[in-house]
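Sequences listed follow chains A and B, in order.
Per the working numbering, numbering through the first sequence is continuous, rising by one, with the last residue being 606.
Per the working numbering, numbering through the second sequence is continuous, rising by one, with the last residue being 844.
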Amino acid sequence: MSKTKTLALSANAPKVDFTIEIGMDFSRTFKPSDAPFHIEKKWADVLLRSYDYFVEFEETEPEAMTLASLMKLKRDVLNAKAKEFNISEPEKLADKKAVAEAILQAAKLPAKAADGADAAETPSDEKSGEETEEKEQG
Amino acid sequence: MAPPLNQSNWIYGIGDTPMSNYTDDGSPPAELIKFVTTDQQSAKYTVNTANNEGQSTGTDWGTEQWIESHDAEIPFSIDPTMLMLTRLLLAAFGQKVTTSPTAGVTKNVFTPQDAASRQLPVYWMGEQCGDRHDALYPSCMLEKATFKGEESGKLNVAGNFRGSGQQLLGEDVDIVKETGKYYLKNTMSEIARALAATPNTVAKTYACGLQSFMFDVDNAADQKVGYDPGCKRFFTANDPDSGQIRSYHLFGKRKYGSKYVIWLEDSAPELALLRAQTELNLKMGMYGKTITGAYKNMFEIVMHLAFYKSVDLGSKNGFTTLEISPDAFYNEADNKIVSVTTQYATPA
């Protein structure tokens, strides 16, 4: 189960960069251009409770993910998404394409569907199937 | 012996920003910001002891005494600058959003810290008296604070910090003057209200009628909590006989109250509403010098749902003087309690 939540900005959020500090444990600057934000679940829940600046981001259904759509994400957002699929240390993968392909493999989706080229090999990893199921239940 | 120094030789300081965590007291900051108090109170430092009086010592008297714990309380009263006010508000509320609505302007909105963490931000504080006394107190949490304006005086904040009980002597930390100082005065105040049925649309102003105000924050910290035996935090590290110091100091059931003295025309419709105890949301603001364009130095307190006592203090020349004491309630319409805003010129 993912330990992060993805938040998008609501219409009430400042249109400029803003920094939120909560006690001594949380401080983060939010740049509207960087939305959506992947945040540790504990603090994401606090932000949702405390501010009307945020809404829970509607994740794209895994079935709708394509190599092209993933490649449009910023690297840190892509890495965060990879972690949602239990891909460990995606930041160590060589490039965004490698991360995106790993996500698609974990989600049992064809890695080259977006390119209209060859479909990826069907993943045989049982674990990835369990993870997808868990996410859907969540 | 050198002659004693005078009370006016005392100066006080506070960390520019909060400590990274409550127990991070191993390395004092390079400097503190001068904390110019109106009452020049020094810290109340207590070493709590116990003894064996009454035990079977065979005598009427005790024969031994030992140290249990240490405590450091720092009461204060200060006419804060905008930056100091902002520092105190962060200490009082623990949660803030900072934006820059336009170049050169900083705006903060403070709200009560979410109880996901009950540890408010804590500060280093210090006091010096010439070269005779030099003490630092880490982990100072703002237990209570009253923000008030009276007549034509400056905005004043009186309150009480409490540290972990640690006291560092002779660290010789510099206490430096604030720069870019700007003060708010009660003459800049105004108060507005709306019916709570229309939250966040505070509109009607009691023009020329605000005589004084007080806004209280009580973080209801339990002073006994935090001396946790398992944490093994001692005045002298690794010396259990030197007495315990706190490992944390948490807020309890917080309360936000206020008191306003206002004048109203005897015929004002607001008077009937106040006498009927109609629930309101309230906004008290102090609006100072323009920074740029429409942006001013500012301090605003909004209570999103206020219930109150209203007492008529007397009527004269067609005006009634009222003392209103609103307490903040949780407004279920917008999930808000209190929000406080400061706005000032961004420091260079």
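For each residue, glycine too, the CB sits at the ideal point set by N, CA and C.
- Shortest Cα-Cα distance from histidine 566 of chain B to any of B:Thr788, B:Lys755, B:Pro736 and B:Ala841 involves B:Pro736.
- In terms of CA proximity to valine 618 of chain B, B:Ala588 leads the group B:Ala599, B:Gln537, B:Asn604 and B:Ala588.
- In chain order, Val567 and Ala570 place their CB closer than 7 Å to the CB of leucine 561 of chain A, counting only its own chain and leaving out the 5 sequence neighbours on each side.
- Along the region 473-502 of chain A, the positions whose C-beta sits under 9 Å from a C-beta of chain B are Pro482, Val484, Asp485, Phe486, Thr487, Ile488, Glu489, Ile490, Gly491, Met492, Asp493, Phe494 and Thr497, read in chain order.
- The beta carbon of serine 648 of chain B is closer than 8 Å to those of Lys681, Asn682 and Thr683 in its chain, skipping five residues each way along the sequence.
- Within chain A, not a single residue places a beta-carbon under 7 Å from that of glycine 511 of chain B; the smallest gap is close to 12 Å.
- In this structure, the CA atom of tyrosine 678 of chain B is about 6 Å from the CA atom of methionine 578 of chain B.
- For glutamine 663 of chain B, no beta strand (DSSP E) run applies, since DSSP gives it neither H nor E.
- In this structure, DSSP gives isoleucine 563 of chain B an extended state, which the three-state scheme calls strand.
- Within the model, the alpha-carbon separation for asparagine 734 of chain B versus lysine 728 of chain B is close to 8 Å.
- For the region 607-623 of chain B, the set of positions with a beta-carbon nearer than 7 Å to some beta-carbon of chain A reads Thr607, Gln609, Asp610, Ala612, Ser613, Gln615, Leu616 and Pro617 in chain order.
- Taking a C-beta distance under 9 Å as the contact criterion, glycine 661 of chain B and phenylalanine 747 of chain B do not qualify as a contact pair.
- Using beta-carbon distances, valine 523 of chain A does not count as an interface residue toward chain B, since no partner is under 9 Å.
- DSSP places glutamate 796 of chain B in the uninterrupted beta strand (DSSP E) bounded by 791-812.
- By the beta-carbon neighbour count (other beta carbons within 10 angstroms, threshold 16), tryptophan 557 of chain B is exposed.
- Rounded to the nearest whole angstrom, the C-alpha separation of glutamate 674 of chain B and lysine 640 of chain B is 24 Å.
- Put simply, the CB of lysine 510 of chain A is near chain B, with a gap under 9 Å to one of its CB atoms.
- Distance check between lysine 805 of chain B and each of B:Gly789, B:Gln839 and B:Leu770 places B:Leu770 closest, using alpha-carbon atoms only.
- Rounded to whole angstroms, the gap between the alpha carbons of alanine 717 of chain B and lysine 540 of chain B is 17 Å.
- In the three-state reduction of the DSSP assignment, glutamate 686 of chain B falls in the strand class, which pools E and B.
- Under DSSP, alanine 546 of chain B takes part in a beta bridge, and its partners are B:Trp562.
- Under the 8 Å Cβ criterion, the region 480-489 of chain A does not count as touching the region 505-512 of chain B, having fewer than three qualifying pairs.
- Assignment of beta-bridge partners to glycine 590 of chain B by DSSP yields B:Pro608.
- DSSP, reduced to helix, strand and coil, places glutamine 503 of chain B within a helical segment of the structure shown.
- Counting only runs of 4 or more residues that sit fully inside the region 502-544 of chain A, the alpha helix (DSSP H) segments are 509-518 and 535-539, in chain order.
- In this structure, B:Leu638 is the residue among B:Tyr840, B:Gly739, B:Leu638 and B:Asp610 with its C-alpha nearest to the C-alpha of methionine 621 of chain B.
- Those residues of the region 578-603 of chain B placed with their C-beta closer than 8 Å to a C-beta in chain A are Leu586, Gly590, Gln591, Lys592, Val593, Thr594, Thr595, Ser596 and Pro597, ordered along the chain.
- Collapsing the DSSP output to three states places leucine 680 of chain B in coil.
- For the pair of segments examined, the region 717-726 of chain B was found not to touch the region 546-553 of chain B: the number of CB pairs separated by less than 8 Å stays below three.
- Inter-segment contact for the region 822-831 of chain B and the region 583-603 of chain B is absent: fewer than three beta-carbon pairs are separated by less than 8 Å.
- Closest in C-alpha terms to glycine 626 of chain B, from the list B:Phe795, B:Asp668 and B:Thr533, comes B:Asp668.
- A distance below 9 Å separates the beta carbons of alanine 841 of chain B and threonine 602 of chain B.
- Interface flag for tyrosine 783 of chain B against chain A is unset, since no Cβ pair is found closer than 9 Å.
- Closest in C-alpha terms to glutamate 560 of chain B, from the list B:Gln537, B:Glu646, B:Thr786 and B:Ala546, comes B:Ala546.
- Less than 9 Å divides the Cβ of isoleucine 570 of chain B from the Cβ of arginine 658 of chain B.
- Among the CB atoms of chain A, one or more fall inside 9 Å of the CB of asparagine 517 of chain B.
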